[in-house]
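Visitor:
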Amino acid sequence: MKRYIISFLALLSMVCFTSCLTSGIDDPEKEFDGADITGGQIYYRWIDAAGNVQQKRIARAIDIDDEEQVFTILYAIGTTLDEQQSQDFETLKKVVVTLDISTAAIIKPLGDSPTLGIPGDWSKPNQYEVTAADGTKKVWTVVVESYY
3 MKRYIISFLA LLSMVCFTSC LTSGIDDPEK EFDGADITGG QIYYRWIDAA
53 GNVQQKRIAR AIDIDDEEQV FTILYAIGTT LDEQQSQDFE TLKKVVVTLD
103 ISTAAIIKPL GDSPTLGIPG DWSKPNQYEV TAADGTKKVW TVVVESYY
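Here the sequence shown is numbered in the working numbering, starting from 3 and rising by one per residue.
See below:
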């Protein structure tokens with residue numbers, strides 16, 4: 003009898019705690035079709051005299067050309083960096099860029115474009131492929147240039 007009660011309770015718990023939900027679940031392939039770059043930041047990163055990694059966000063504006071798929075970050079150093087850091091930054095060889103993309107999309111660098119979030123060469127335009135959840139793909143050119 004004890005075995006039947008345990009079996010019954012086990013069966014009851016499987017029925018009560020198992021979800022049979024088949025509708026109302028978001029389908030990212032239907033919900034999220036954007037393959038766009040929507041924002042971005044630019045940083046200068048260096049190692050200080052004590053050997054610690056330091057980072058400063060640089061003042062910026064953005065320009066998005068949806069038709070040509072060109073995302074431009076316009077920067078102004080101002081008083082954010084000291085003179086030596088400003089000179090190093092102006093080469094755009096060790097700049098850190100982060101990008102915001104459409105919800106549920108993924109982004110990957112093309113060719114020799116730098117990996118986002120780590121120092122890379124932004125002295126030239128770089129290309130990235132953004133893939134939406136529904137499979138739509140767009141190739142974006144990302145440009146970093148001075149306000150001046």
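Virtual Cβ for every residue (Gly too), placed ideally from N, Cα, C. All values derive from a computational prediction rather than experimental measurement.
Between the Cα of residue 126 and the Cα atoms of 138, 38, 113, 83, which residue gives the shortest distance?
Guide: For residue 126, the nearest C-alpha among the options comes from 113.
Visitor: Fully enclosed by the stretch 84-125, which alpha helix (DSSP H) runs are 4 residues long or longer?
Guide: Listed in chain order, the complete alpha helix (DSSP H) runs (minimum 4 residues) inside the stretch 84-125 are 85-92.
Visitor: Sorted by chain position, which residues of the same chain lie with C-beta nearer than 6 Å to residue 122's C-beta, five sequence neighbours on each side aside?
Guide: Closer than 6 Å at Cβ, skipping near neighbours: 116.
Visitor: Between which two residues does the beta strand (DSSP E) carrying residue 41 extend?
Guide: Residues 39-49.
Visitor: First and last residue of the beta strand (DSSP E) that includes residue 82?
Guide: No beta strand (DSSP E) contains residue 82, which DSSP labels as neither H nor E.
Visitor: Return the first residue and the last residue of the beta strand (DSSP E) that residue 128 is part of.
Guide: First-last of the beta strand (DSSP E) with residue 128: 128-133.
Visitor: In the DSSP assignment, the beta strand (DSSP E) including residue 67 goes from what residue to what residue?
Guide: Residues 61-67.
Visitor: Grab the span of the beta strand (DSSP E) containing residue 143 for me, first residue to last.
Guide: Start and end: 139-148.
Visitor: Going by DSSP, which residues form a beta bridge with residue 56?
Guide: Per DSSP, 48.
Visitor: Excluding the five sequence neighbours on either side, which residues of its own chain have a C-beta within less than 8 Å of the C-beta of residue 139, listed in chain order?
Guide: Cβ within range, chain order: 37, 131, 132, 133.
Visitor: Going by C-alpha distance, which of 54, 57, 107, 91 is nearest residue 39?
Guide: It is 107 whose Cα lies nearest to the Cα of residue 39.
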